[in-house]
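Notes for the one structure printed next.
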């Protein structure tokens, strides 16, 4: 699975996710990536793209959850990402990247690693695996 | 109002033993995609255009599990899915069961902008793609030698490999499936391992 989340200069957020699914999967199997609110979500607060164990991401509506705890619990982006990775996945394994309309960027995962990269206008840039 | 920001990912659940060279290869691709997104943002492209642009690049490169280089189904074919969402008005588009559209994320965007729906799948999605003039290729275009080998591993282990980038048997994935007799819904528990 691959994904990208962006907030532009006007504070508009967007998210996109694309995948081939699971190796040796059954024909017709649908995972979390195309499900809005689970694998992908964007609103006026944030943009989120998820990857990992599809069934856990679907059950927890993981991407929407980040926006929900920002909206209803008043958490900032980093707190929201940490919260949903810690408290919403049950035993599931997953990772996500997220941006906020105020120009923050965050990622969280409870797997051994996640291929990721992020950058902000003030010059911060990071590419990581573990 | 903050400045712009961007993040990309290439999948979670990395094999702890992934060779250093593979890690560097992944980092190079991630950096290249970040650069593409950053220059688009500096040219004032809106966020929705930038996410589509970057994911197209990731779909075209065979390294990660999407587009060319996608994981294979039990029949050795490719079935892809994608979605895209624009924050300001919460418009969205999604596709599943895509076998011949070169960039599924762009088809998801066409669903968002040119159809009255938010999700199209399988033959309906492919018919819509042809009507919209999306670039179509044979299914073989998406299949790589490496994934044919990984599918063979998964079949031998009678499991669904959580991440086809796992090159060695025994550490996880196929090997783990052979070891762990634990079943769920008639499948090895590793079926439900992280992607």
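Protein chains in written order, with our numbering: chain V, 1 to 130; chain S, 131 to 325. Glycine included, every Cβ here is placed at the ideal spot set by N, Cα and C. Remember, predicted model here, so these are calculated numbers, not experimental data.
Check	Outcome
CB contact below 9 angstroms: residue 309 of chain S versus chain V	Its pLDDT being 44, under 50, residue 309 of chain S is placed unreliably in this model, and the value from its coordinates should be taken loosely. No, because no Cβ of chain V sits closer than 9 angstroms to the Cβ of residue 309 of chain S.
Chain-ordered chain V contacts of residue 216 of chain S [CB-CB under 7 angstroms]	14, 42
Neighbouring residues, chain V, relative to residue 249 of chain S (Cβ below 9 angstroms)	34, 35, 36
Contact set between residue 192 of chain S and chain V, taken where Cβ atoms lie within less than 9 angstroms	Result: empty, since nearest Cβ-Cβ is about 10 angstroms, beyond 9 angstroms.
Residues near residue 58 of chain V by beta carbon distance below 7 angstroms, same chain, minus five either side	32, 35, 38
Residue 134 of chain S, buried or exposed, once every other Cβ within 10 Å from all chains shown has been counted against 16	buried
Residue burial classification, residue 155 of chain S (beta-carbon count within 10 angstroms, cutoff 16)	exposed
Three or more C-beta pairs below 8 angstroms linking the segment 224 to 238 of chain S and the segment 49 to 69 of chain V	no
Residue-chain proximity (residue 120 of chain V, chain S), Cβ-Cβ < 9 angstroms	yes
Span of the alpha helix (DSSP H), counted from its first residue to its last, around residue 51 of chain V	Counting along the chain, residue 51 of chain V falls outside any alpha helix (DSSP H), though it belongs to the beta strand (DSSP E) covering 46 to 52.
Beta-carbon proximity of residue 138 of chain S to residue 116 of chain V, cut-off 9 angstroms	yes
Interface residues of chain V facing residue 204 of chain S [CB-CB closer than 8 angstroms]	24, 25, 26, 27
Beta carbon of residue 45 of chain V nearer than 9 angstroms to that of residue 4 of chain V	no
Contact under 9 angstroms by Cβ, residue 53 of chain V with residue 92 of chain V	yes
Beta-carbon proximity of residue 185 of chain S to residue 170 of chain S, cut-off 9 angstroms	no
Pick from S/287, S/282, S/230 that is closest to residue 267 of chain S, judged by C-alpha positions	S/230
Residue 21 of chain V beta carbon less than 9 angstroms from that of residue 201 of chain S	yes
In chain order, each alpha helix (DSSP H) run of at least 4 residues that lies wholly inside the segment 202 to 281 of chain S	234 to 244, 252 to 262
Three-way DSSP call (helix, strand, coil) for residue 98 of chain V in this model	strand
Top-ranked residue by Cα proximity to residue 177 of chain S, from V/128, V/80, V/121, V/8	V/8
Exposure of residue 122 of chain V, with buried meaning 16 or more beta-carbon neighbours within 10 Å	exposed
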